[in-house]
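Undergrad:
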Amino acid sequence: MKLKNPYKGKRWFKLLSNKYVWVLLFFVVWMLFLDNYSYFDHRFLDGQINELQDNKKYYQDEIKKDQEQIKQLKNPEQIEKYAREKYYMKKDSEDIYIIQFEGDTIQDTKE
Numbered sequence: 114m115k116l117k118n119p120y121k122g123k124r125w126f127k128l129l130s131n132k133y134v135w136v137l138l139f140f141v142v143w144m145l146f147l148d149n150y151s152y153f154d155h156r157f158l159d160g161q162i163n164e165l166q167d168n169k170k171y172y173q174d175e176i177k178k179d180q181e182q183i184k185q186l187k188n189p190e191q192i193e194k195y196a197r198e199k200y201y202m203k204k205d206s207e208d209i210y211i212i213q214f215e216g217d218t219i220q221d222t223k224e
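The sequence shown: position 76 = 189 (the numbering used here), numbered continuously.
The following block contains the structure:
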């Protein structure tokens, strides 16, 4: 007695029993998930590349700002202004009063 497959004439059975379909399916799964150059690895690496390019742009802008400050600090008057604003330096014959308001972001360290 020989058993007959009841699905043999069905279209989906013919498609799934085709060896080329299995090879193609294996290839797609391999390329998407298992290969060193898989799609998901590429997406992750592309995200890192975009992040690094954003960092590069940020640091290039910061370098330009610093270069402008260096150009300004070649002038002695600008050096004096910078020292007074950032480091609260003063001349011997003057007093400095620092006024802080409630909304200032500078925190007093003498608490």
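The beta-carbon is built from N, C-alpha and C at its ideal position, and this holds for glycine as well. Bear in mind that the values here come from a model prediction, so they are computed numbers and not experimental data.
Suppose you measure from the CA of E164 to the CA of M144; what does that come to, to the nearest Å?
TA: 25 Å
Undergrad: Can F126 and Y120 be called in contact, C-beta distance under 7 Å?
TA: yes
Undergrad: Using the C-alpha atoms, what's the distance from I192 back to K170?
TA: 28 Å
Undergrad: Assuming Y195 contacts L186 under a Cβ cut-off of 8 Å, what Cβ separation, rounded to an integer in Å, is found between them?
TA: That pair is a contact at about 6 Å.
Undergrad: Pull up the distance between the alpha-carbon of I176 and that of L138, whole angstroms please.
TA: C-alpha of I176 to C-alpha of L138: approximately 51 Å in a straight line.
Undergrad: Where do the ends of the alpha helix (DSSP H) carrying G216 lie?
TA: Premise fails: G216 is in no alpha helix (DSSP H) and is neither H nor E.
Undergrad: Assuming the contact rule is C-beta atoms closer than 8 Å, I211 and K203 should be a hit. Round their C-beta distance to whole Å, please.
TA: Contact flag wrong, Cβ pair sits at about 11 Å.
Undergrad: For the alpha helix (DSSP H) that contains D159, what are its first and last residues?
TA: Y152 to Q185
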